[in-house]
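Numbering (our numbering), first residue to last: 1417 to 1547. The structure appears right after this line, and notes come after that.
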């Protein structure tokens, strides 16, 4: 019968991971190792983290964070360019000028000849209606 440490080493070699609490319990039930300490004591010990795992974890996070920052910088660049360096084309300036309040409220005054011709047209129409 193997010791608990030997069983754990064998398990890690075959499964490429540490055993779970249930797997410890199952192995203890099947008498695969001698019970030197309880299962809870095994899991209360500190977990060892290898430098390779740390590097792999941070390299994946670093790629995601750096790509997100690049996208944010590109968006910020376009916003700054739009706010500070946008110059409308002459056509757009004319459109905005035509839509201003001053052009909407300005009055168009007809000439005197237009007034006389329209008054004669109105009077003739009035006379036709009264007949």
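Glycine included, each C-beta is placed from N, C-alpha and C at the ideal position. Computed from a predicted structure; not experimentally measured.
| Asked | Found |
| --- | --- |
| Delimiting residues of the alpha helix (DSSP H) encompassing residue 1480 | 1467-1501 |
| Bridge partners - residue 1418, DSSP secondary structure assignment | 1449 |
| C-alpha distance - residue 1363 paired with residue 1449, whole-angstrom precision | Residue 1363 is absent from the structure shown; the chain starts at 1417 and stops at 1547. |
| Backbone secondary structure at residue 1531 - three-state DSSP | helix |
| Cβ-based neighbour list, residue 1427, same chain, cut-off 6 angstroms, excluding 5 preceding and 5 following | 1435 |
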